[in-house]
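Below is one structure, written out as structure tokens, with a few remarks after it.
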Amino acid sequence: MIDIHCHILHGVDDGAKDLEESVAMARIAYGDGIRDIIATPHFNESFLTTADIVHRKLDELQTELERQRIDVRLHPGNEVRLENKAFLGEHARNRTFSYLGRRAAHLLLEQRWKEYDADTPEIAERLLDAGIRPVLAHPERHYFFRDTPELLLRLIELGVWTQVSADSLIGSFGPDAQQFGKWLIEAGFVHAIATDAHNVNRKPNLSAGMSVFEELAGAKARADLEDRMSSIVRE
Ligand SMILES: [Fe+2]
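Residue 274 in this note's numbering sits at position 234 of the sequence shown, and the numbers go up by one each step.
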């Protein structure tokens with residue numbers, strides 16, 4: 041399996057604090073059945089983890105995983121917060137953040153927590169026109185999508201993918217996120233499941249999320265989901 045959202049890189053954001061914890065997370069991921077991880081440190085006004093940092097840390101960690109014979113392949117990425125249209129536009133022009141994988145045809149995009157950004161449909165269309173598919177990070181955790189699902193459905197209609205978090209599906213973020221995440225799966229509106237792991241406690245637990253997905257959507261839908269997620273890093 042592939043995890044497309046994971047704060048595994050050491051000492052860059054509120055994820056793994058050092059190389060040792062990154063390695064421990066990779067071991068847990070391997071034990072969970074994960075063989076590919078897209079490293080997605082925060083890229084927002086609090087943690088501006090730029091692409092050059094991502095690549096440097098990723099090389100350091102990959103070398104260490106090889107030394108310790110942990111068979112997990114790392115891919116570059118970022119979890120880019122839509123702080124506002126100008127923030128995203130400026131950093132896109134300057135190529136400050138990483139798209140997902142070396143193919144760089146997807147962008148993991150996070151909404152702010154306090155309110156929905158009404159520019160999102162326009163931004164999504166602009167990205168799609170440029171050949172970049174936005175992947176919306178954990179919409180089930182945002183109250184405005186739960187209160188007004190039409191906001192999310194409009195984005196999906198445009199071609200935006202959704203990434204629901206395994207922790208939401210097992211109830212770690214409360215009943216509202218869990219119920220909405222399950223409803224999105226049943227309605228066929230989920231394009232990816234990921235861990236959004238931050239450390240060895242909030243750990244890589246993709247198999248638990250995938251089991252919930254399969255229970256609700258069936259084995260064929262799970263196979264399609266896994267193939268879609270793998271396509272993000274296919275060269
Ligand atoms: Fe995240």
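Every residue gets a Cβ at the ideal spot worked out from N, C-alpha and C, and that includes glycine.
Cβ-heavy atom distance, residue i to ligand 1, below 6 Å
{"i": "Glu119", "result": "yes"}
{"i": "Asp264", "result": "no"}
{"i": "Asp236", "result": "yes"}
Spatially closest choice to residue i from the options, by CA coordinates
{"i": "Lys57", "options": "Ala261, Asn241, Arg194 and Leu265", "result": "Asn241"}
{"i": "Tyr183", "options": "Leu193, Glu155, Gly199 and Ile210", "result": "Glu155"}
{"i": "Ser251", "options": "Phe127, Ser208 and Glu275", "result": "Ser208"}
{"i": "Ala170", "options": "Ser212, Gln108, Ala132 and Pro179", "result": "Ala132"}
{"i": "Ser276", "options": "Glu266, Gln219 and Glu100", "result": "The question about residue 276 has no answer here: the residues shown for the chain are numbered 41 through 275."}
{"i": "Asp157", "options": "Pro179, Leu168 and Arg262", "result": "Pro179"}
{"i": "Glu130", "options": "Asn84, Leu168, Arg142 and Glu104", "result": "Asn84"}
{"i": "Phe220", "options": "Arg194, Gly249, Asp187 and Ala232", "result": "Asp187"}
{"i": "Glu104", "options": "Leu59, Gly55 and Ala257", "result": "Leu59"}
{"i": "Val94", "options": "Gly55, Glu255, Gln151 and Gly258", "result": "Gly55"}
{"i": "Arg262", "options": "Ala232, Arg166 and Thr136", "result": "Ala232"}
{"i": "Ala177", "options": "Phe137, Arg166 and Leu122", "result": "Leu122"}
Separation of residue j from residue i, as counted between CA atoms
{"i": "Trp201", "j": "Arg113", "result": "23 Å"}
{"i": "Ile110", "j": "Tyr139", "result": "25 Å"}
{"i": "Ile172", "j": "Ala164", "result": "9 Å"}
{"i": "Ala64", "j": "Asp72", "result": "12 Å"}
{"i": "Asp92", "j": "Ile78", "result": "15 Å"}
{"i": "Leu101", "j": "Asp53", "result": "15 Å"}
{"i": "Ile216", "j": "Lys222", "result": "The question names Ile, but residue 216 is Asp in the sequence shown. Taking the straight line from one Cα to the other gives about 10 Å."}
{"i": "Asp264", "j": "Glu226", "result": "15 Å"}
{"i": "Thr80", "j": "Glu162", "result": "24 Å"}
{"i": "Glu254", "j": "Lys260", "result": "8 Å"}
{"i": "Leu147", "j": "Ser271", "result": "13 Å"}
{"i": "Pro291", "j": "Thr136", "result": "This structure leaves residue 291 out entirely; the chain is present only between 41 and 275."}
{"i": "Gly211", "j": "Met41", "result": "22 Å"}
Residue i: first and last residue of the uninterrupted alpha helix (DSSP H) it sits in
{"i": "Trp223", "result": "Pro215 to Glu226"}
{"i": "Val63", "result": "Leu59 to Asp72"}
{"i": "Asp111", "result": "Neither: Asp111 is in no alpha helix (DSSP H) and is coded neither H nor E."}
{"i": "Glu190", "result": "Pro189 to Leu198"}
{"i": "Ala248", "result": "Leu246 to Ala257"}
{"i": "Ile163", "result": "Thr160 to Asp169"}
{"i": "Ala132", "result": "Lys125 to Arg133"}
Contact set for residue i: own chain, Cβ-Cβ below 7 Å, skip 5 residues either direction
{"i": "Glu61", "result": "His50, Asn239 and Val240"}
{"i": "Pro244", "result": "Asp43, Cys46, Met65, Ile68, Ala69, Asp72, Ile74, Thr235 and Ala237"}
{"i": "Phe185", "result": "Pro179, Leu191 and Leu192"}
{"i": "Asp159", "result": "Lys125"}
{"i": "Leu224", "result": "Glu180, Thr202, Val204 and Val230"}
{"i": "Lys97", "result": "Leu49, His50 and Val52"}
{"i": "Glu275", "result": "Arg142 and Arg143"}
{"i": "Phe9", "result": "Shown here, the chain extends from 41 to 275; a query on residue 9 therefore has no answer."}
{"i": "Gln151", "result": "Leu122, Asp157 and His182"}
Neighbour flag for residue i against chain B, beta carbons, 7 Å
{"i": "Ala263", "result": "The question asks about chain B, but that chain is absent: this structure has only one protein chain."}
Residue i, enclosing beta strand (DSSP E) - first and last residue
{"i": "Leu148", "result": "His146 to Glu150"}
{"i": "Glu119", "result": "Glu119 to Arg121"}
{"i": "Asp43", "result": "Ile42 to Cys46"}
8 Å CB neighbourhood of residue i in its chain, flanking five on each side removed
{"i": "Trp153", "result": "His182"}
{"i": "Ile196", "result": "Thr202 and Phe229"}
{"i": "Leu256", "result": "Lys222, Ile225 and Glu226"}
Residues near residue i in its chain [Cβ-Cβ closer than 6 Å; skip 5 each side]
{"i": "Gly199", "result": "Leu168"}
{"i": "His115", "result": "Ile78, Gly141 and Val273"}
{"i": "Phe333", "result": "The displayed coordinates of the chain run from 41 to 275. Any statement about residue 333 would go beyond what the structure contains."}
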